[in-house]
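First residue of the sequence shown? That's 3 in my numbering, and the numbers climb one at a time after it.
The beta-carbon is built from N, C-alpha and C at its ideal position, and this holds for glycine as well.
Here the structure is a predicted model, which means the values were calculated and not measured.
What follows is a short report on a single structure.
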Amino acid sequence: SSGINAEYGVIQSLVNSKNVIVVPGYGLCAARAQYPVAQIAEILTKNGVNFRFGIHPVAGRMPGQLNVLLAEAGVPYDVVLEMDEINDDFADTDVVLVIGANDTVNSAAEDDPNSIIAGMPVLRVWKAGQTIVMKRSLGVGYAAVDNPVFFKNNTSMYLGDAKKQCEALLEGL
């Protein structure tokens with residue numbers, strides 16, 4: 003477990019933000035974390051946070067999977083945006099919460115011409131004020147390539163089961 007201090011830090015970051023973007027990936031699907039995430043979104047939105055979701059076209063295991071799961075959990079369609087609609091907004095975003103995504107947020111796609119994912123379109127989460135990455139472990143994603151975003155100064159790792167962590171955040175809110 004990430005511990006109470008990590009949780010508290012994540013909660014403080016979220017409640018003190020004006021703009022928050024969640025970038026979900028296959029890990030959110032696998033953990034079935036969409037329900038607590040939808041509740042977090044609802045609470046923060048009611049408190050005046052501009053809370054949105056950024057969806058990569060190939061996130062999850064099939065196109066549209068994340069849109070369906072978020073809709074199922076009651077997330078309004080108008081806050082679920084495709085990569086092309088939201089990618090320019092990361093620079094004006096206080097906190098990005100990456101939940102179970104890896105390759106789709108890998109800066110090597112843009113910064114490392116020798117990377118096997120060079121040229122792949124990615125969500126530019128590293129441009130936000132703070133990036134919080136929620137995943138089970140520091141392991142690599144589907145493409146089996148390291149993600150430099152995880153090691154940037156404005157990134158914090160919040161490791162563990164996405165559903166349990168989101169439920170803990172929800173309790174803390």
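One or two residues paired with residue i in a DSSP bridge
i	result
N69	N69 is not bridged to any residue.
L16	DSSP, once it has assigned bridges, lists no residue as partnering L16.
G56	L83
N21	N52
Alpha carbon of residue i to alpha carbon of residue j, nearest angstrom
i	j	result
A93	D86	14 Å
A164	A43	15 Å
T157	L171	18 Å
G121	S109	10 Å
G11	L175	12 Å
A146	G29	15 Å
G141	N149	10 Å
I45	I118	40 Å
W128	I57	15 Å
A35	P123	25 Å
F153	C168	22 Å
R63	V70	12 Å
V51	G131	15 Å
I13	A75	21 Å
L125	D90	9 Å
Helix, strand or coil at residue i [DSSP, three-state]
i	result
M85	helix
I134	strand
N7	helix
L125	coil
T157	strand
P26	strand
G174	helix
V107	helix
L46	helix
V98	strand
D148	coil
V39	helix
Presumed contact (8 Å Cβ cut-off) between residue i and residue j, rounded CB distance
i	j	result
V60	T106	7 Å
L83	F55	7 Å
I101	V24	6 Å
L68	C31	7 Å
A8	Y160	6 Å
G27	N104	6 Å
Point to revise | Inter-stretch contact at 8 Å, needing at least 3 Cβ pairs: the region 75-85 / the region 131-146 | key: No contact exists between the region 75-85 and the region 131-146.
Check your understanding: Is there contact here, the region 110-119 with the region 26-40, by at least three beta-carbon pairs under 8 Å?
Key -> Not touching, per the Cβ criterion.
Exercise for review: Could you say if the region 10-23 and the region 88-98 meet the contact criterion of at least three C-beta pairs nearer than 8 Å?
Suggested key: These segments touch.
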